[in-house]
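Quick notes on the structure that follows.
There are 2 protein chains.
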Amino acid sequence: MSVATAKAPSEPAKRRERGGRNARREQRSHGPEAHGRPYITRNIPTYDILSEDNLVRIEATADRILAEIGIEFRDDPVSLDHWRRAGAKVEGVLVKFEPGLLREVLKTAPASFTQHARNPERSVEIGGKSVVFSPAYGSPFVMDLDKGRRYGTIEDFRNFVKLAQSSPWLHHSGGTICEPVDVPVNKRHLDMVYSHIRYSDRAFMGSVTSESRAEDSIDMARIVFGEDFTDRNCVILGNVNVNSPLVWDATMTTALRAYARANQAAVIVPFILGGAMGPVTNAGAIAQSLAETMAGCALTQLERPGAPVIFGNFLSSMSLRSGSPTFGTPEPAIGSMVIGQLARRLNLPLRCSGNFTTSKLPDAHAMNEGTMSMLAAVHCGANFILHSAGFLDGLLSMSYEKFVMDADFCGALHTYLDGVKIDDNQLALDAFREVGPGNHFFGCAHTMANYETAFWDSAIADNEPYEKWEAAGSVDAATRANRRWKTMLAEYEAPPLDEGINEALQDFMTRRKASMEDAWY
Amino acid sequence: MSVATAKAPSEPAKRRERGGRNARREQRSHGPEAHGRPYITRNIPTYDILSEDNLVRIEATADRILAEIGIEFRDDPVSLDHWRRAGAKVEGVLVKFEPGLLREVLKTAPASFTQHARNPERSVEIGGKSVVFSPAYGSPFVMDLDKGRRYGTIEDFRNFVKLAQSSPWLHHSGGTICEPVDVPVNKRHLDMVYSHIRYSDRAFMGSVTSESRAEDSIDMARIVFGEDFTDRNCVILGNVNVNSPLVWDATMTTALRAYARANQAAVIVPFILGGAMGPVTNAGAIAQSLAETMAGCALTQLERPGAPVIFGNFLSSMSLRSGSPTFGTPEPAIGSMVIGQLARRLNLPLRCSGNFTTSKLPDAHAMNEGTMSMLAAVHCGANFILHSAGFLDGLLSMSYEKFVMDADFCGALHTYLDGVKIDDNQLALDAFREVGPGNHFFGCAHTMANYETAFWDSAIADNEPYEKWEAAGSVDAATRANRRWKTMLAEYEAPPLDEGINEALQDFMTRRKASMEDAWY
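In order, the protein sequences belong to chains A and B.
Numbering (UniProt numbering) for the first sequence: 1 to 521.
Numbering (UniProt numbering) for the second sequence: 1 to 521.
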């Protein structure tokens, strides 16, 4: 049988034209999945690619790095005091850890916790079988097809918060979704946190670029959630990077400790480009990542035992030809899977990075690398997937088009992570009895009973026949995405926010801003 | 640390500029991986997503479909005789199978076999841990950025054979790589098989569109490999489709039996679009696929016990909105993984489908769906991945640009399937000792010793910084791919072919063509 002759169905297609997609969208916007799900509970196992004995060899290497080479904790005497009291060997700023010490400290860290959203229906579980998609983080530039690449502004920032809020397939509002460079460096954290609270009702992340900015972020969360509630529950995350290789600087450790002190979750992320901040061999980079993350996670427990913390990782490689970073390549995808196994052996929630690419356009290159990278993140068992939507251009640009493409792919991953359901209805023996050999399933009772929920329905893919697609203008995916983000922004509705809280937040910002001179670098 | 400030390295980058990429390419074209590897031996496990008890439920459903509903074998009395002798219940053309019957018959089928190429260095192993990438198959149209979409010709066919031969990352020449519609329907199999032999030295596939065309294909292989060798070894594959649901027609069963009779491998493939040729629920479609494939595989063993055969599958879904087929969606990706588990329980080599999409352009949509689909094929343990490169437009168009993009991704998958190597050099403890905290790995001894083989180096991705990319013309991936296939065709060199064999093949074709009137449909 030639696949080319597969006929289009008539019966359900017609029915769908009447009720069809609009009805389904309608249902989505009113039903239990009105805004998607608060997070995914995976129904397929993690993809464990490395054997027990090889995992043990990586752990042993991490242990030797920690014991024999050590990690520097620069310019933060409090951290050094913590390590001394914990029994580590402190030589100036260099700290060495006997095997087992960090694992012992880490025992107080929770395996799973809830990050509360101001809309309780959108609180996310981080750990176990949960998967939370969060937008990309940290790019100085933004891009779209109309205006090209330029520095991000607070308006762009708000737009991306609104797009994330509007997508049924993202679960989290993210953090520095792009850098708003039109706001002074020392004040922009206030505007960013405010935008997450004002334009989204999802969980979000605060600043980590200094201890006081971390504390400002947490104070704003306290205004929303109350001091007591905040002290007992996680309501804000802070994403802190190791200064790899093997250095934690004071900016990061003081921010990390600020989050832990407030019982909020730090996300501990070595950023390792193999060949630059780590070895060119994957196994070594993984061992390094494990060592650096364990130290950071343990530091949160010394600051406040029991504080939530997330085991993060960010492995990538370099083009040894151009010297540029590469992303979405096979080595970090494989590395993520191993990191996932290692994190589970520590019983910690896992953060991985999602959708990466070096492409400067929302093109084939972008989605090839992005899809590989994102699938590695979901396969490895990541509970919190930062950078799930928007990145192009290494990590330098947030793209409006890529954002909606990626969010759409996050939707596909909801279906993917549901796996295969097995029950009598799904196994469909009665359908085979009804239809029999050589007939089609278009109008059969089983199809009619199941088609509404049957298949993932992408908002970006064009599945029409070539002639119909051509007649409609031969539009490519990037152009469809361009139209889609504009529609999403036009249709965006702000979630309600208590006016008292809004005023308190604005008072706080005004007061804090008045206390500082503008700083632009 | 801001990722934006990651500095470019100097030392290895400079060295690479001197020797660098050209040296590496040089090495590739002369070293042991001159043409890549003959096939991949996977070093990561398969991704098994379904539990034992759920696999048993699917198998039980397949068994009930086979026993209670049955499969029709139309217009092929020999097949019905085979089934009668094997103990199946034959009611007219409907055949019903007691549970266990097909599994018993299948015990003679090899778990793994070699398909010989005319260049012995390119023979492929099919089964076990081997992975073989083969181009897309069966599209009536071809596309490129310059001329758009048009019917395929024999010149296009030859071009794609040459491109596959030129790619170090494909392992097989494929079969109906596109339909050469400028050659009469009843003669084109001769030109296609000849093109594979003449322009490639890799293993290939023959025709299945009638018994005599299958036999012609096998006869041409006999000219190349000798009658005795061909009778004892697999030298050609034939890809046969079930006329799902639950019908095998005579075109396919007679072709299937022709391959088996000659001790050549039939690939048994139900083509099931859920909602059309199968139920809309994934579990049911998987059970159906298992039932149909088991029956086809078993028929090869009744024709000739011990003949090689490949357990195939092709699950996809339909847009129940437009009635169009969809490809590269999450349901078939998940389905492939389950099919892989089922095939291994039968101890048969597995074929899956690679790189699918409904996109009409080599754009973001194409590579998002294609990458998801291709990764499912490698994760599920497929040994022979048909449609690894080229498809766009459902299954209707072979794209020159997509072909080289996909082939490049096949290259990335070589690195991916190598997994993580664990040894002292890879774990790099000495590198950490050498570099220490806070320094970089650019010029360290470990980097210098390992960077040549360190990272996957894509020929399609552009990893350059934005400014450099912009200065070079802001070229997208599709345009880079367009340049690349032209270069590959310009640089193509035909592999040597024994002149006696060439003449014998041409004599055979002339004689066979002279015996037929042209048929155009």
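Note that beta-carbon positions come from the ideal geometry of N, C-alpha and C, so glycine has one too.
Bridge-paired residues (DSSP) for residue i
{"i": "Tyr151/B", "result": "Phe141/B"}
{"i": "Val95/B", "result": "Ile71/B, Val90/B"}
{"i": "Arg351/B", "result": "Gly312/B, Phe384/B"}
{"i": "Thr114/A", "result": "Glu125/A"}
{"i": "Leu273/B", "result": "Ser316/B"}
{"i": "Pro77/A", "result": "None, per the DSSP bridge assignment."}
{"i": "Met398/A", "result": "Val142/A, Phe391/A"}
{"i": "Thr326/B", "result": "Ser317/B"}
Contact with chain B by residue i, beta-carbon distance below 9 Å
{"i": "Asn482/A", "result": "no"}
{"i": "Asp150/A", "result": "According to the sequence provided, residue 150/A is Arg. The question's Asp does not apply to it. No, Arg150/A does not count as interfacial toward chain B."}
{"i": "Phe432/A", "result": "yes"}
{"i": "Glu33/A", "result": "Here Glu33/A scores only 46 on pLDDT, less than 50, and its place in the model should not be relied on; the value that follows carries that caveat. Answer no: the Cβ-Cβ gap between Glu33/A and chain B never drops below 9 Å."}
{"i": "Phe441/A", "result": "yes"}
{"i": "Met509/A", "result": "no"}
{"i": "Phe403/A", "result": "no"}
{"i": "Asn313/A", "result": "no"}
{"i": "Ala4/A", "result": "Note that Ala4/A scores 36 on pLDDT, short of 50, meaning its location in the model is unreliable and no value can be drawn from it."}
{"i": "Arg351/A", "result": "no"}
{"i": "Leu190/A", "result": "no"}
{"i": "Glu331/A", "result": "yes"}
{"i": "His196/A", "result": "no"}
{"i": "Pro168/A", "result": "no"}
{"i": "Asn233/A", "result": "no"}
{"i": "Ser515/A", "result": "no"}
Short CB-CB distance (under 9 Å) between residue i and chain A
{"i": "Leu94/B", "result": "yes"}
{"i": "Met294/B", "result": "no"}
{"i": "Val435/B", "result": "yes"}
{"i": "Leu237/B", "result": "no"}
{"i": "Lys162/B", "result": "no"}
{"i": "Thr41/B", "result": "no"}
{"i": "Glu98/B", "result": "no"}
{"i": "Ala117/B", "result": "no"}
{"i": "Asn502/B", "result": "no"}
{"i": "Val193/B", "result": "no"}
{"i": "Arg21/B", "result": "A caution first: Arg21/B carries a pLDDT of 42, below 50, which makes its placement in the model too unreliable to give a value."}
{"i": "Ala258/B", "result": "no"}
{"i": "Trp485/B", "result": "no"}
{"i": "Ser29/B", "result": "Low per-residue confidence applies at Ser29/B: pLDDT is 36, beneath 50, and the placement is therefore not dependable enough to give any value."}
{"i": "Pro12/B", "result": "Model confidence at Pro12/B stands at a pLDDT of 37, short of 50, so the residue's coordinates are unreliable; what they give is reported in the following sentence. With 9 Å as the cut-off, Pro12/B counts as an interface residue toward chain A."}
Contact set between residue i and chain B, taken where Cβ atoms lie within less than 9 Å
{"i": "Ile460/A", "result": "Ala364, His365, Asn368"}
Proximal chain A residues relative to residue i, where beta-carbon distance stays under 7 Å
{"i": "Pro45/B", "result": "Ile49"}
{"i": "Leu106/B", "result": "Result: empty, since nearest Cβ-Cβ is about 21 Å, beyond 7 Å."}
{"i": "Gly419/B", "result": "Ile49, Ile334"}
Cross-chain neighbours of residue i in chain A, by beta carbon under 9 Å
{"i": "Ala221/B", "result": "Ordered by position in chain A, no residue passes the 9 Å Cβ test against Ala221/B, which lies about 23 Å from the chain."}
{"i": "His446/B", "result": "Pro279, Val280, Thr281, Gly284"}
Contact set between residue i and chain A, taken where Cβ atoms lie within less than 8 Å
{"i": "Gly438/B", "result": "Glu72, Asn243, Pro245, Leu246, Val247"}
{"i": "Arg57/B", "result": "Ile422, Leu427"}
Contacts that residue i makes with chain B (C-beta to C-beta distance below 7 Å)
{"i": "Leu145/A", "result": "Correct list: empty, because the minimum Cβ distance to chain B is about 12 Å."}
*With contact counted as at least three CB pairs below 8 Å, one residue from each stretch, are the stretch 328–340 of chain A and the stretch 134–144 of chain A in contact?*
no
*asked:* Measuring CB atoms only, is the stretch 315–328 of chain B touching the stretch 95–108 of chain B, in the sense that at least three cross pairs come out at less than 8 Å?
replied: no
*Between the stretch 416–430 of chain B and the stretch 386–393 of chain B, are three or more C-beta pairs nearer than 8 Å?*
no
*alpha helix (DSSP H) runs wholly inside the stretch 454–503 of chain A, at least 4 long, in chain order*: 466–471, 477–491
*Decide yes or no for the touch test of the stretch 112–119 of chain B against the stretch 192–204 of chain B: beta carbon pairs closer than 8 Å, at least 3 of them.*
yes
*asked:* Going residue by residue through the stretch 191–250 of chain A, where are the continuous beta strand (DSSP E) segments of at least 3 residues, counting only ones entirely within it?
replied: 237–242
*Would you check if there are 3 or more beta carbon pairs closer than 8 Å linking the stretch 434–443 of chain B to the stretch 277–289 of chain A?*
yes
_I'd like to know if the stretch 216–228 of chain B and the stretch 243–250 of chain B are in contact, where contact means that at least 3 CB-CB pairs between them fall below 8 Å._
no
*Of all the alpha helix (DSSP H) runs that stay within the bounds of the stretch 400–433 of chain B, which reach a length of 4 or more residues?*
400–418, 424–427
*Is the stretch 51–71 of chain B touching the stretch 227–234 of chain B in the sense that three or more CB pairs, one from each, lie closer than 8 Å?*
no
*Report yes or no: do three or more beta-carbon pairs, one from the stretch 349–364 of chain B and one from the stretch 478–486 of chain B, lie closer than 8 Å?*
yes
*asked:* I want to know whether the stretch 441–460 of chain A touches the stretch 366–374 of chain A - three or more CB-CB distances under 8 Å.
replied: no
*Does the stretch 347–356 of chain A come close enough to the stretch 373–385 of chain A that 3 or more CB-CB pairs lie under 8 Å?*
yes
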